[in-house]
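Here's the structure we're looking at; comments come further down.
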Ligand code: COA
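If you want it as structure tokens, here you go:
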């Protein structure tokens with residue numbers, strides 16, 4: 075892949091902004107510059123009257139491995155001025171008033187799963203594997219997942235997912251209400267696109283109003299939780315535990331947290 079190959083590909087067609095994460099050699103892991111492109115695209119979509127729906131996807135067998143762990147080690151997004159691109163992206167999908175659709179195939183790690191809590195429709199392939207390994211990495215939840223996941227799945231199931239950080243499959247994702255439906259791998263994107271087209275054909279103002287009304291009761295809490303999580307997340311990013319976890323990933327070994335209390 076050449077240095078100029080875009081890692082985030084966007085296209086506006088038939089009222090749908092299609093956003094593809096395309097960094098296959100690193101399992102679509104997201105770096106600061108990629109978040110910047112995503113944030114710009116979502117912010118522009120909110121303003122652009124041509125866009126009635128936003129749809130995000132990867133490739134068959136690959137949604138995203140979440141934040142690039144080398145980026146976390148080398149450029150932790152801990153300063154606020156200007157806001158780091160990852161936080162701009164979180165803010166952009168939190169505040170998106172237009173419907174947000176995802177087609178998930180393969181690994182959806184970290185933000186690959188937390189962004190789904192902000193989607194309106196989510197379709198997954200049989201290979202989809204969701205994981206929130208924040209604790210495993212010495213971090214803490216983000217994107218208001220500490221609020222939205224227990225609200226969706228109940229405390230016990232959310233605790234298993236967030237505290238143990240083990241991956242779970244598409245069937246469980248449907249069971250807890252994270253995903254609308256599981257589809258054969260080859261038809262996930264087509265199905266999600268078809269659903270997005272239906273949304274784009276609906277009266278846009280009514281769609282936006284209904285989304286806003288559905289989110290209204292929790293909106294302030296979501297915003298506050300995201301801010302609170304963000305504060306802790308930044309501190310955890312430079313903790314000895316996270317350094318050990320990130321280093322262990324690249325050294326292809328299990329992290330050893332036994333010396334940290
Ligand atoms: N950051 C940086 N590089 C990553 C990455 C990440 N989040 N996820 C995968 N990669 C890289 C690997 O280092 C490897 O690179 P290399 O070929 O140069 O060695 C390549 O992508 C393929 O990854 P690999 O682990 O061999 O693929 P896999 O199919 O066995 O496993 C995952 C896929 C997604 C389950 C696994 O890569 C993984 O757990 N990644 C880390 C996920 C994570 O913790 N994300 C952060 C959440 S906050």
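Numbering (our numbering), first residue to last: 75 to 335. Glycine included, every Cβ here is placed at the ideal spot set by N, Cα and C.
DSSP-derived helix/strand/coil call for residue 116: Here residue 116 is taken as the residue at index 42 of the chain shown, counted from 1. Residue state, collapsed to three classes: helix.
Residue 211 CB to nearest heavy atom of the ligand COA below 7 angstroms: Taking the first residue of the chain shown as position 1, residue 211 is located at position 137. Yes.
Minimum C-alpha distance to residue 157 - residue among 305, 322, 325 and 319: Against the chain shown, residue 157 aligns to sequence position 83. Closest by alpha carbon: 305.
Segment limits, alpha helix (DSSP H) that includes residue 249: Within the chain shown, the letter at position 175 stands for residue 249. Here the alpha helix (DSSP H) through residue 249 covers 244-249.
Closest by C-alpha distance to residue 322, when choosing among 244, 144, 91 and 189: For the purposes of this step, residue 322 is taken as residue 248 along the chain shown, with counting starting at 1. That would be 144, whose Cα lies nearest to the Cα of residue 322.
Contact set for residue 82: own chain, Cβ-Cβ below 8 angstroms, skip 5 residues either direction: Start at 1 with the first residue of the chain shown, and residue 82 comes out as number 8. Counting only Cβ-Cβ distances below 8 angstroms, and skipping sequence neighbours, we find 93, 94, 95, 96, 108, 111, 112 and 115.
Where residue 253 falls: helix, strand or coil (DSSP): As a position in the chain shown, residue 253 is number 179, starting the count at 1. Residue 253: coil per DSSP, three-state reduction.
Given residue 316 as reference, the closest of 91, 117, 98 and 146 once Cα atoms are compared: Taking the chain shown and counting its residues from 1, one reaches residue 316 at position 242. Residue 146 is the option with its Cα nearest to residue 316.
Ranges of the alpha helix (DSSP H) found wholly within the region 276-333, counting only runs of at least 4: 278-311 and 314-324
Endpoints, beta strand (DSSP E) assigned at residue 131: Numbered from its first residue, the chain shown carries residue 131 at position 57. Counting along the chain, the beta strand (DSSP E) containing residue 131 begins and ends at 127-131.
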